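Peer 1: In this note's numbering, the protein residues as written are 31 to 362.
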């Protein structure tokens with residue numbers, strides 16, 4: 031991302047509002063709120079290349095050797111390239127490679143599927159782990175976890191419920207960039223394969239992807255930060271998520287630390303995209319004028335700010351021939 035120091039846009043806003051590049055504590059706090067609001071607004075206004083990312087995404091967390099999984103947890107098992115649902119608390123691997131093929135550990139895991147079907151449960155039948163049965167109690171499909179002969183009634187202790195698998199991507203995934211909005215989803219890296227069809231998706235509390243692929247590539251706008259917090263104080267212990275102002279920029283703590291924000295192992299800078307270097311200070315000043323009751327001047331400054339923003343879009347869409355074509359969707 032092309033960046034500009036936060037101090038640069040703040041000083042510009044001060045220059046517009048007060049005729050100097052500084053402000054008293056109260057006015058500075060107000061301008062910071064206006065700048066934060068406008069930076070968030072402009073960030074989310076367009077799929078700016080500067081704040082966009084392309085990442086391969088899986089629909090569940092990867093299975094980790096040695097971790098204990100609770101009933102109902104779904105994981106992606108990379109060695110077998112498949113998704114599994116935990117049916118009983120376990121640290122056992124979902125599948126093992128036997129005689130040239132992957133064999134599911136059906137006493138603890140089930141292969142994830144969109145739909146399941148099984149035979150009607152019956153009394154006095156010999157069932158083996160891995161069998162799928164339809165319960166007479168709720169008409170749902172269960173997997174047998176323990177070899178047994180059925181008694182006179184349904185035994186919930188020897189089965190695990192099978193739940194339809196929905197391929198979905200969370201807005202936040204561990205180790206990945208937080209998603210603000212999805213531009214498109216494709217089977218392969220769009221930076222390498224430009225002529226591929228897009229995959230349909232729908233927005234719920236997560237991003238549901240209609241495909242049978244094990245992973246997809248997502249082009250998206252990253253989530254904006256918040257340019258607020260307190261001035262950094264040396265020898266202070268900061269908790270993960272704390273935000274401080276230091277040497278002209280805002281930083282967020284990645285863990286509990288006393289280190290200075292220029293230590294990238296403990297802090298991450300909250301970037302200000304270069305494309306907002308002009309429009310953000312003008313828009314913040316427009317908000318200042320509105321708060322002061324100077325509505326005519328505020329409207330004029332707002333118009334200037336939006337013109338600056340549109341010029342940045344023009345550079346992308348026309349000057350650099352990056353027009354947004356409507357993607358072709360497919361039901362993969």
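Cβ coordinates follow ideal geometry from the N, Cα and C atoms, glycine included.
All of these numbers come straight from a predicted model, not from anything done at the bench.
1. If distances are taken between C-alpha atoms only, which option among 319, 334, 245, 272 comes closest to residue 105?
2. Could you tell me which uninterrupted alpha helix (DSSP H) segments, each at least 4 residues in length, are contained entirely in the segment 49–128, listed from first to last along the chain?
3. Give the single residue among 49, 183, 78, 48 whose Cα lies nearest to the Cα of residue 346.
4. Mind checking residue 301: buried by the 16 CB within 10 Å criterion, or exposed?
5. For the pair the segment 176–185 and the segment 118–125, tell me if three or more CB-CB distances fall below 8 Å.
6. May I have the straight-line CA-CA distance separating residue 119 from residue 99, to the nearest angstrom?
7. Count the other CB atoms within 10 Å of the CB of residue 170; is the residue buried (16 or more) or exposed (fewer)?
8. If residue 208 sits next to residue 252, beta carbons under 8 Å apart, how far is it from one beta carbon to the other, in whole angstroms?
9. Here's the rule: buried if 16 or more other CB atoms are within 10 angstroms of the residue's CB, otherwise exposed. What is residue 248?
10. Under 8 Å: do the segment 182–200 and the segment 231–238 share three or more Cβ pairs, one atom per stretch?
11. The alpha helix (DSSP H) with residue 232 in it runs from where to where?
12. Is the segment 205–225 in contact with the segment 77–96, if contact means three or more CB pairs nearer than 8 Å?
13. Taking only three categories from DSSP, how would you classify residue 304?
14. What residue does the alpha helix (DSSP H) around residue 318 start on, and which one ends it?
15. Which whole-angstrom value is the C-beta distance of residue 314 and residue 43, which I expect to be below 8 Å?
16. From residue 31 to residue 304, what distance separates their C-alpha atoms?
17. DSSP has residue 257 in a bridge; who is on the other side?
18. Please decide whether residue 228 counts as near chain C, where near means a Cβ-Cβ distance under 8 Å.
19. Can you list, in chain order, the residues of its chain with a C-beta nearer than 8 Å to that of residue 286? Leave out the 5 residues immediately preceding and following it.
20. Can you tell me which of the three DSSP states residue 146 falls into?
21. The beta strand (DSSP E) that contains residue 252, what's its start and end?
22. Use the C-beta contact count for residue 90: other C-beta atoms within 10 angstroms, 16 or more gives buried, fewer gives exposed.
23. Go through its chain and collect everything with a Cβ distance to residue 61's Cβ below 8 Å, but skip five positions before and after it.
24. Looking at the structure shown, is residue 209 part of a helix, part of a strand, or coil, going by DSSP?
Peer 2: In this structure, then:
1. Comparing Cα-Cα distances from residue 105 to each of 319, 334, 245, 272, the minimum goes to 245.
2. Listed in chain order, the complete alpha helix (DSSP H) runs (minimum 4 residues) inside the segment 49–128 are 55–73.
3. Selected option, being the one with the closest Cα: 78.
4. Under the 10 Å beta carbon count, residue 301 is surrounded by 16 or more other beta carbons and is classified as buried.
5. Between the segment 176–185 and the segment 118–125, the count of C-beta pairs closer than 8 Å stays below three; the two stretches do not touch.
6. Roughly 6 Å separates the two Cα atoms.
7. An exposed status is given to residue 170, since fewer than 16 other beta-carbon atoms sit within 10 Å of its beta-carbon.
8. Confirmed, about 7 Å.
9. By the neighbour-count rule (16 or more Cβ atoms within 10 Å), residue 248 is buried.
10. Between the segment 182–200 and the segment 231–238 there are three or more inter-stretch CB-CB distances shorter than 8 Å, so the stretches are counted as touching.
11. For residue 232, no alpha helix (DSSP H) encloses it; the enclosing beta strand (DSSP E) starts and ends at 231–233.
12. Output reads yes: the segment 77–96 touches the segment 205–225.
13. Taken through DSSP and simplified to helix, strand or coil, residue 304 comes out as helix.
14. Start and end: 309–321.
15. Going by Cβ atoms, the distance from residue 314 to residue 43 rounds to 5 Å, so yes, they are a contact pair.
16. Going by the C-alpha atoms only, they are around 8 Å apart.
17. The bridge partners DSSP lists for residue 257 come to none.
18. Annotation note: the requested chain C is absent from the structure, which comprises a single protein chain.
19. If you ignore the 5 residues before and after residue 286, its C-beta comes within less than 8 Å of the C-beta of 267, 268, 269, 270, all in its own chain and listed in chain order.
20. Coil at residue 146, not helix or strand.
21. That run of the beta strand (DSSP E) goes 245–252.
22. By the neighbour-count definition (other C-beta atoms within 10 Å, threshold 16), residue 90 is a buried residue.
23. Result list for residue 61: 40, 43, 44, 47, 53, 314, 318, in chain order.
24. Residue 209: strand per DSSP, three-state reduction.
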